[in-house]
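Data block below; observations after.
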Amino acid sequence: MGLNVIDYLFLYSLLSTWLLLLMNIFLTFSGYRFYMTFLNKKIDILKEMKEFPSVSILIPAHNEEKVIDKTIRAMLSLNYPEDKLEVIVINDNSSDNTGKILEELKKSYSNRNLKIITTDKITGGKGKSNALNIGYKNSKGDYIVVYDADNTPEKLALRYLVYSITNSKELGAVIGKFRTRNKNKNFLTRFINIETLSFQWMAQAGRWKLFRLCTIPGTNFIIRRSILEKLGGWDINAIAEDTEISFRIYKMGYRIGFMPLAVTWEQEPEKLKVWFKQRTRWAKGNIYVLVKYLRNIYKEKTKSVLFDLYYFFSVYFLFLSSVILSDIIFILGLFTNIKISLSGSFFIIWILAYVLFILEVSITLTMEKGESNFKNILLVALMYFSYCQLWMIVAVKGVVLYFKDVLLGREAQWYKTERF
Numbered sequence: 319m320g321l322n323v324i325d326y327l328f329l330y331s332l333l334s335t336w337l338l339l340l341m342n343i344f345l346t347f348s349g350y351r352f353y354m355t356f357l358n359k360k361i362d363i364l365k366e367m368k369e370f371p372s373v374s375i376l377i378p379a380h381n382e383e384k385v386i387d388k389t390i391r392a393m394l395s396l397n398y399p400e401d402k403l404e405v406i407v408i409n410d411n412s413s414d415n416t417g418k419i420l421e422e423l424k425k426s427y428s429n430r431n432l433k434i435i436t437t438d439k440i441t442g443g444k445g446k447s448n449a450l451n452i453g454y455k456n457s458k459g460d461y462i463v464v465y466d467a468d469n470t471p472e473k474l475a476l477r478y479l480v481y482s483i484t485n486s487k488e489l490g491a492v493i494g495k496f497r498t499r500n501k502n503k504n505f506l507t508r509f510i511n512i513e514t515l516s517f518q519w520m521a522q523a524g525r526w527k528l529f530r531l532c533t534i535p536g537t538n539f540i541i542r543r544s545i546l547e548k549l550g551g552w553d554i555n556a557i558a559e560d561t562e563i564s565f566r567i568y569k570m571g572y573r574i575g576f577m578p579l580a581v582t583w584e585q586e587p588e589k590l591k592v593w594f595k596q597r598t599r600w601a602k603g604n605i606y607v608l609v610k611y612l613r614n615i616y617k618e619k620t621k622s623v624l625f626d627l628y629y630f631f632s633v634y635f636l637f638l639s640s641v642i643l644s645d646i647i648f649i650l651g652l653f654t655n656i657k658i659s660l661s662g663s664f665f666i667i668w669i670l671a672y673v674l675f676i677l678e679v680s681i682t683l684t685m686e687k688g689e690s691n692f693k694n695i696l697l698v699a700l701m702y703f704s705y706c707q708l709w710m711i712v713a714v715k716g717v718v719l720y721f722k723d724v725l726l727g728r729e730a731q732w733y734k735t736e737r738f
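Going by my numbering, 406 is the number at position 88 of the sequence shown; the sequence numbering is gapless.
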């Protein structure tokens, strides 16, 4: 008796899942190698840093009254020569007290180079990319640094970013590490903390060690002004402007480096509704980038672009479709007579995949002080059945919304993440 349609779909699901799982295992161990190599490097940033180029920090802000005061004070407390640093806040069509708070800060720090740009409904409110372009065009620094409005970078973070990019001509940009400030608030923030750490040590550090690749995460990164000028700034149609500009930097022949000592702390969503909206925006934005560059993949010669296209395609299409099919087949098997006819120890294969998932995420936690503990490993075990399943819904909705926007011709809009 031959294989039926359900059998073929099951095999596709099984192979796709294991393909991504094995790729992540390689990335995890590569990330660990990067971590061990980095541990042996002794960087005394206060002594070794000799060059202090001019830097412009851009902070796009839309209705950020709850967090903007703390953020600006953190920026002005960075350990960097004051005459070489300008902080530019783009108050993008805010309707709350963001503007008033910024004006008070400007008065309090009248001796500092703090610039506030306020947009209206005509010039602003068109998304983060547009706000960044406005800030960039009004900046003077040789290097541009971007922070989200809820970020509080550690005092030496900027020095580490500048040190990294000025010591390597191959780097067009350098990203730092972001941590979850409110990680102990509830189960959701604890899951997010584990997710962000595993992403950074697996996907960022792992890809950097293997392929000299990193993707700009949207905050806590530095980019050469000369590159931004050649690129023409950020793509105003891109919601995931960070991913999109990463691809264009690759295409110019530059690398994007990872400097984990440049740390910023940010606020993550504390409510599932807020998380779902934010992550859906990310998924939709990354699909825009994927579709944009897949159109001409047959002409693409940049290996870094090709690998990252494969990586994003694996995450958003291969893995997504395989998990959905797996769940559908499982449900059909429970409530109908439709079952796979293949023989084999598939339950053992699933258990092995589950154990490997726990192993690879747990390894990434060992690279962060205070995170490798029994409580977090237990959370990792629970993530597969809860948090990871929610990501499937997010990815599906992101795909649907992307193609809906394309059909309706909608422009990119600013999606405000609720602060707490």
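We treat Cβ as the ideally placed atom computed from N, Cα and C, and that holds for glycine.
In whole angstroms, what is the alpha-carbon distance linking residue i and residue j?
i, j, result
"L489", "I452", "24 Å"
"G575", "S482", "8 Å"
"K444", "F653", "48 Å"
"S413", "R737", "15 Å"
"L340", "M354", "21 Å"
"V609", "S640", "20 Å"
"K693", "I512", "11 Å"
"L708", "T682", "21 Å"
"V623", "K569", "7 Å"
"W552", "L546", "8 Å"
"L450", "K503", "31 Å"
"R508", "N655", "40 Å"
"L327", "R525", "30 Å"
"Y461", "L403", "10 Å"
"S663", "L726", "47 Å"
Less than 8 Å between the CB atoms is what I'm expecting for residue i and residue j, so what's the real figure, rounded?
i, j, result
"I554", "S447", "5 Å"
"R351", "K548", "So it is not a contact: roughly 33 Å between Cβ atoms."
"V407", "L420", "6 Å"
"I324", "I642", "Actually they are not in contact, since the Cβ atoms of I324 and I642 sit about 14 Å apart, beyond 8 Å."
"F565", "Y611", "6 Å"
Within the same chain, show all residues whose beta-carbon is closer than 7 Å to that of residue i, passing over the 5 residues directly before and after it, in chain order.
i, result
"T537", "V464, Y465, D466, N469, F496, T582, E584"
"Y616", "none"
"E689", "L515, L683"
Near residue i, which residues of its chain fall below 6 Å by C-beta distance, leaving aside the five closest residues on each side in sequence?
i, result
"L382", "It is Glu, not Leu, that sits at residue 382 in the sequence shown. Correct list, in chain order: T416, A467."
"K425", "none"
"C532", "I493, Q522, W526, I574, F576"
Three-state secondary structure (DSSP) at residue i?
i, result
"N409", "strand"
"I512", "helix"
"A392", "helix"
"V623", "helix"
"E404", "strand"
"W552", "coil"
"A521", "helix"
"I540", "strand"
"A467", "coil"
"E586", "coil"
"F496", "strand"
Whose CA, out of the options, lies closest to the CA of residue i?
i, options, result
"V633", "A601, K617, S659", "A601"
"L332", "E513, F703, I658, W552", "I658"
"G320", "M520, V592, L660", "L660"
"R530", "T620, K715, V385, K693", "T620"
"E400", "Y427, A379, K418", "Y427"
"N411", "I434, D438, R728", "D438"
"E559", "L643, I669, G603", "G603"
"E472", "I557, L579, A556, F625", "L579"
"Y720", "V592, Y628, I557, K687", "I557"
"G349", "Y611, F675, S516, K589", "S516"
"K501", "G651, L697, V724, K388", "L697"
Can you give me the Cβ contacts of residue i inside the same chain, cut-off strictly under 8 Å, excluding the 5 residues immediately before and after it?
i, result
"Y398", "F370, V373, L476, R477, V480"
"K455", "G551"
The ligand MN and residue i: does the residue's C-beta get closer than 7 Å to at least one heavy atom of that ligand?
i, result
"S395", "Within the structure as shown, the ligand MN is missing, as the structure has no ligands at all."
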